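Everything below concerns the one structure shown next.
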Amino acid sequence: MNKSKNQTQKKQQNNNSSDNRRSWPVTVLALLLAVQGIAMFILAIFNLFEIDRFLVFTPRDFFGDYPLAVKGVAFIGLSLLSLIACVGFFRLWSVAWMLAMTQQGLSLTLTIFLYFQDKPVYIYPIMVLCILIVIYLHYSDVITTFRTQPITEEWGGIDEEV
C-alpha cells in the first residue's frame with residue numbers, strides 16, 4: 002500500500018516538473034489566438050468608425066447605425082476574450098483551454114449570424130481560422146497540457162499504471 006502511494010507521488014512530481022514547459026502546439030495556438038484577437042479588434046474599430054459621427058435621433062438613422070455598433074461591441078468583446086485566452090496559453094492557465102473554446106464558439110455563432118444577415122467578406126477568413134483553432138484545440142498535446150485532474154480521479158476508477 003505504501004509502495005503504491007510512493008509511486009503515485011513520484012509520478013505526480015514528474016508530471017508537475019514536465020508541466021512547466023509549454024509544448025509547440027500550445028505555443029502555436031497562443032500565437033493563433035493573438036492573431037485572431039488583433040484581427041477582431043481591427044474589425045471592431047472598422048465597424049465603430051462606420052457609425053455616423055453626428056448623432057441624429059431619428060428612427061431611420063438609429064436603425065441604420067445600430068447594427069454597426071452592436072457588431073463593433075461584439076468584436077471588441079471577442080478580441081478581449083481571445084487575447085485573454087492567448088495570455089492563458091502562454092502562462093499555461095488551467096482555464097485557458099475553456100476560454101479559447103468559448104471564444105471560438107461565440108465567434109462562429111457571430112459569423113453565422115452575419116452570414117445570414119448581410120454576408121460581409123471578412124467573415125470567411127474568420128470562419129476558417131475558428132475551425133482551424135478548434136481542430137488544433139483537440140490535439141492530444143494541448144488537451145493533456147490543460148487537464149487539471151487525472152482521468153481516474155474524474156470517474157473514480159482504479160489507476161492501473163501503479
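Residue numbers (the numbering used here): 2 to 163. Glycine is no exception: its CB is placed at the ideal position from the N, C-alpha and C atoms. Given the structure is predicted, the values throughout are model-derived calculations rather than measurements.
Burial state of residue i, where buried means 16 or more other Cβ atoms lie within 10 Å
i    : result
Q37  : buried
T146 : buried
Reduced DSSP category for residue i - H, G, I as helix; E, B as strand; rest coil
i    : result
L79  : helix
I52  : coil
R23  : coil
Y123 : coil
S95  : coil
F47  : helix
F90  : helix
Y140 : coil
Contacts around residue i, its chain only, beta-carbon distance under 6 Å, and the 5 residues preceding and following it disregarded
i    : result
F42  : S80
D142 : S24 and P26
Contacts around residue i, its chain only, beta-carbon distance under 7 Å, and the 5 residues preceding and following it disregarded
i    : result
V96  : G89
V135 : Q105
K44  : This sequence places Leu at residue 44; Lys is not what is there. Answer for L44: F76 and Y123, listed in chain order.
Nearest candidate by alpha-carbon position, reference residue i, set the options
i    : options                  : result
A40  : I127, I144, L138 and L30 : I127
A31  : L107, L100 and L111      : L100
R148 : W98, S108 and T103       : W98
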